[in-house]
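Structure record follows, encoded as structure tokens.
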Amino acid sequence: MNNFEFQAPTKLIFGADTIAKVKDEIPLDKKILMTYGGGSIRKNGVYKQVMEALKNHTVLEFGGIEPNPKFETLMKAVEIVKNENIDFLLSVGGGSTLDGTKFIAAAAKYEGDPWNILLNGGADIKDAIPLGDIITLPATGSEMNSGAVISRISTQEKFAFHSNFVYPKFSIIDPKTTYSLPEKQTVNGIVDTFVHTMEQYATYDVNTPLQDEWMLGLIKTLMKEAKKVLQNPTDYEARANIFWCATCGLNYWMSLGCIQDWSTHMIGHELTALYGIDHGESLAVVLPRVWKNKKNDKMRKLAKMAVEVYGANEFLPKNILADITIKKTQKFFESIGRRTKLSDYSIDKSDAATKISQRFKERAINLGEKGNITPEDVYEILMNC
Ligand code: NZQ
Ligand code: ZN
Numbered sequence: 295m296n297n298f299e300f301q302a303p304t305k306l307i308f309g310a311d312t313i314a315k316v317k318d319e320i321p322l323d324k325k326i327l328m329t330y331g332g333g334s335i336r337k338n339g340v341y342k343q344v345m346e347a348l349k350n351h352t353v354l355e356f357g358g359i360e361p362n363p364k365f366e367t368l369m370k371a372v373e374i375v376k377n378e379n380i381d382f383l384l385s386v387g388g389g390s391t392l393d394g395t396k397f398i399a400a401a402a403k404y405e406g407d408p409w410n411i412l413l414n415g416g417a418d419i420k421d422a423i424p425l426g427d428i429i430t431l432p433a434t435g436s437e438m439n440s441g442a443v444i445s446r447i448s449t450q451e452k453f454a455f456h457s458n459f460v461y462p463k464f465s466i467i468d469p470k471t472t473y474s475l476p477e478k479q480t481v482n483g484i485v486d487t488f489v490h491t492m493e494q495y496a497t498y499d500v501n502t503p504l505q506d507e508w509m510l511g512l513i514k515t516l517m518k519e520a521k522k523v524l525q526n527p528t529d530y531e532a533r534a535n536i537f538w539c540a541t542c543g544l545n546y547w548m549s550l551g552c553i554q555d556w557s558t559h560m561i562g563h564e565l566t567a568l569y570g571i572d573h574g575e576s577l578a579v580v581l582p583r584v585w586k587n588k589k590n591d592k593m594r595k596l597a598k599m600a601v602e603v604y605g606a607n608e609f610l611p612k613n614i615l616a617d618i619t620i621k622k623t624q625k626f627f628e629s630i631g632r633r634t635k636l637s638d639y640s641i642d643k644s645d646a647a648t649k650i651s652q653r654f655k656e657r658a659i660n661l662g663e664k665g666n667i668t669p670e671d672v673y674e675i676l677m678n679c
């Protein structure tokens with residue numbers, strides 16, 4: 295096991311009918327900017343609950359944060375934060391709203407061009423406006439991590455940053471808020487959670503048996519609960535279990551001391567930046583092909599997963615077991631309605647392979663847990679999508 299340090303400063307408030315508790319988490323003397331997306335919170339009653347809870351607070355609003363939140367939009371909120379002397383940000387909505395709010399929090403205190411936050415991956419953030427959230431979509435784990443992913447329309451780029459300064463002070467997770475999710479978003483969230491777990495699990499083994507069991511346990515739970523929730527979108531227990539899987543899927547607790555990959559996300563972000571497909575869609579397409587490309591490096595973990603998750607015979611050769619995991623994972627995505635080919639999303643694979651491999655070449659970046667996924671591999675991976 296590798297050495298590690300871990301601190302998770304976010305207070306979680308989890309459960310049915312917990313939104314009203316927001317009033318106790320933000321001091322009355324704070325001037326709040328409440329951020330949200332395209333209006334789902336108005337339709338499902340979450341907006342009303344928040345406003346009722348904060349009726350004695352000072353609350354300004356900033357709506358219209360898009361899925362894959364855009365730098366250009368977020369900079370308008372940064373202006374409001376500065377002009378109005380906002381000293382607390384409250385994100386109400388999905389991962390995009392929360393990621394956007396993390397960016398606003400950091401950009402409002404940043405000296406220089408805020409796009410550099412993304413170019414430097416957050417390394418030079420020295421301060422941020424405090425923030426909390428009411429998260430309404432189980433997917434990103436953003437409610438318990440220090441990361442955010444921001445897109446820029448003008449350059450068709452999508453980059454992540456991380457900083458301890460943008461950990462939410464609190465996150466309120468009421469699984470009932472997810473009853474209103476369109477099925478497409480429920481499925482995206484399940485795929486995202488699956489792939490987060492795999493980016494941390496399916497690498498090479500450094501003797502982390504407990505972490506491996508946790509991660510495979512998460513996957514087994516997620517697959518079971520996914521079926522239930524798709525059959526009955528108002529199954530509270532299933533919604534709650536899915537949300538808890540999503541939060542644990544990317545609070546980095548499960549993979550402490552492990553080796554991580556993240557190449558599927560890096561390639562997926564480029565597909566979203568260039569062609570606009572959803573994050574979850576991009577991951578379902580790329581993951582099986584990354585695994586095929588680096589099967590030898592990932593063999594032990596993929597083989598173990600075939601036995602523990604997919605019930606394969608442990609005495610089969612590891613090579614065959616790894617193939618079983620690749621095939622069955624792709625089938626699982628398809629079984630919950632997430633298509634896994636670029637052509638399913640009207641994307642020309644040779645266009646994508648050429649453009650995206652070129653981008654990694656220009657940035658001089660290799661991907662994967664061994665840094666051995668070269669731009670040429672990226673080309674091959676996408677040609678297999
Ligand atoms: O904008 P509104 O009207 O709120 O509608 C949203 C949006 O259209 C809707 N929605 C959210 N909660 C809802 C709801 N509709 C009905 N009922 C609800 N309860 O769902 C749509 C998608 O929302 P979005 O926030 O974009 O989805 P998600 O949470 O999947 O976030 C995706 C973004 O997160 C980034 C992705 O790259 C993408 O930009 N990621 C962030 C990570 C992190 N911070 O650690 C890690 C991830 O790997 C991921 O990259
Ligand atoms: Zn993701």
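Everything in the sequence shown is counted per the numbering used here, starting at 295 for the first residue and increasing by one.
Backbone N, C-alpha and C fix where the C-beta goes; we use that ideal spot for every residue, glycine too.
By the neighbour-count definition (other C-beta atoms within 10 Å, threshold 16), Q652 is an exposed residue. In this structure, L475 is the residue among E299, L475, I641 and Y546 with its C-alpha nearest to the C-alpha of V523. At a Cβ-Cβ threshold of 8 angstroms, L577 and T558 count as neighbours. Taking every protein chain shown into account, the CB of S436 has 16 or more other CB atoms within 10 angstroms, so this residue is buried. Each of M438, N666 and A520 was checked against the Cα of K305, and the nearest Cα belongs to M438.
Across the structure, G574 and T434 are spaced so that their CA atoms are roughly 10 angstroms apart. The shortest CA-to-CA distance from K396 to any of E405, G387 and A442 is the one to A442. Here K621 is exposed: its Cβ has fewer than 16 other Cβ atoms, across all protein chains shown, within 10 Å. Within 10 angstroms of the beta-carbon of L413 lie fewer than 16 other beta-carbons, which makes it exposed. The segment 496-513 makes no contact with the segment 344-354; the number of CB pairs closer than 8 angstroms stays below 3. Listed in chain order, the alpha helix (DSSP H) elements of length 4 or more contained wholly in the segment 641-679 are 643-656 and 669-677. Taking the C-beta atoms as reference points, L510 is found nearer than 8 angstroms to E602. The C-alpha of I513 is placed about 11 angstroms away from the C-alpha of F626. In the three-state reduction of the DSSP assignment, I447 falls in the coil class, being assigned neither a helical nor a strand state. Where K420 is concerned, there is no enclosing beta strand (DSSP E), because DSSP gives it neither an H nor an E. Here DSSP, grouped into helix, strand and coil, assigns K349 to coil. Sixteen is the threshold: when 16 or more other Cβ atoms of the shown chains lie within 10 Å of the Cβ of F488, as they do, the residue is buried. If you draw a straight line from the Cα of A401 to the Cα of A496, it is about 34 angstroms long. For I444 against V386, the beta-carbon gap comes to about 19 angstroms, at or over 8 angstroms, which does not count as contact. The alpha-carbon of F455 is positioned some 10 angstroms away from that of D393.
Secondary structure at S629: helix, using DSSP grouped into helix, strand and coil.
Counting only the Cα atoms, P363 lies some 9 angstroms from K452. With contact defined as three or more Cβ pairs closer than 8 angstroms, the segment 302-318 and the segment 467-486 are in contact. Residue pairing for D427: DSSP places it in a beta bridge opposite S385 and S465. Residue pairing for G441: DSSP places it in a beta bridge opposite H456. Closest option to V375, judged by alpha-carbon separation, among P611, T623 and L327: L327.
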